[in-house]
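Enquirer: Position 210 of the sequence shown, counting from 1, maps to 210 under the numbering used here, and the rest follow consecutively.
All C-beta atoms in this analysis are idealised placements derived from N, C-alpha and C, irrespective of residue type, glycine included.
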Amino acid sequence: MKETMLQQVMTAPGEIIFRELPMPEPAQGQLLIKMMRLGICGSDIHVYHGKHPFTKYPVTQGHEVSGCVEKLGAGVTGFKVGDKVTIEPQVFCGKCYPCTHGKYNLCEELKVMGFQTTGAASTYFAVDASKVDILPETMDYDEGAMIEPLAVTVHAAKRYGDLTGAKVAILGCGPIGILLMQTVKALGAASVAVSDVSEYRIALAKSLGADHVFLAGKTDLNTAMLQAFGPDKADVIYDCAGNDATMGQAIQYARKGSTIIL
Ligand SMILES: [Zn+2]
Ligand SMILES: [Zn+2]
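(1) How is the beta strand (DSSP E) around GLN116 delimited, first residue to last?
(2) For PHE54 and GLY230, I'd like the C-alpha separation in whole angstroms.
(3) Indicate the three-state DSSP secondary structure (helix, strand or coil) for MET181 in the structure shown.
(4) Rounding to the nearest angstrom, what Cα-Cα distance links GLY50 and ASN243 in this structure?
(5) How about the region 26-34 and the region 61-72: do they share at least three Cβ pairs that are nearer than 8 Å?
(6) Rounded to a whole number of angstroms, what is the C-alpha to C-alpha distance between GLY73 and TYR48?
(7) Alpha helix (DSSP H) containing THR164: first to last residue?
(8) Could you check whether TYR141 and ARG37 sit closer than 7 Å to each other, using their CB atoms as the reference points?
(9) Looking at the secondary structure, which residues open and close the alpha helix (DSSP H) in which SER43 lies?
(10) Tell me the rounded alpha-carbon separation between ASN222 and ALA189.
Below, the structure written as structure tokens:
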């Protein structure tokens, strides 16, 4: 009997099934990955609620993942069975203007695994070896599945430029806000203030290294920045909450010449 595996499918908003499929075979240039960890992103939740504008159903989710190389397809070099890996979920054309200028995340035909093309929520996943990165020995599977959201925050941090000595305000400290706080500190920020409506989240941010935390709704952004940084306020404000209120506050209270990244 042929071996089978399970694959997650969201058939409609709020409806998830697991279907049995034959074990995939890695095609030429592909790796077969045994999936070990899968993160659930805010955008996965939007898909669950039918509120993701660029996703159709049925869809197999899974774009923040780690796994273990199970099998190499023909022609694949640089990997071996047992390698701990993560997967870059962007599928791009490689030919359009953004692709040929190093910005494949803006490809004119961009598809992201788990949204417009099959994600990795299955026992095994066959994927082009070019999308696979080997994790360092010291990194575990839990950490490996955090690389994709971490890459989002590294990109956001670098949009500001040199963060050495910078005073940074971050509005919203869900997973992305907290990862961004840690990223800007690792890149040299002098002081970071975060705010959120959740006491749990600001306590977590504080325990993970935030210099100043504020409960949104209790302390307005202007007061928070004055308390944290003095009259010059923040050099850069990042909005990681993504609602009209935080964006409006960022624009209203930023000092002249500071940067706002939404
Ligand atoms: Zn995500
Ligand atoms: Zn392209």
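Expert: Looking at the atomic coordinates:
(1) Counting along the chain, GLN116 falls outside any beta strand (DSSP E), and DSSP gives it neither H nor E.
(2) Going from the Cα of PHE54 to the Cα of GLY230 covers about 42 Å.
(3) Helix, per DSSP.
(4) Each residue's alpha carbon lies about 18 Å from the other.
(5) Contact between the region 26-34 and the region 61-72 is present, because at least three Cβ pairs lie under 8 Å.
(6) Cα to Cα, the separation comes out at about 33 Å.
(7) Under the DSSP assignment, THR164 falls outside any alpha helix (DSSP H); it carries neither an H nor an E label.
(8) Taking 7 Å as the Cβ cut-off, ARG37 and TYR141 qualify as a contacting pair.
(9) Counting along the chain, the alpha helix (DSSP H) containing SER43 begins and ends at 42-48.
(10) Approximately 20 Å between the Cα atoms of the pair.
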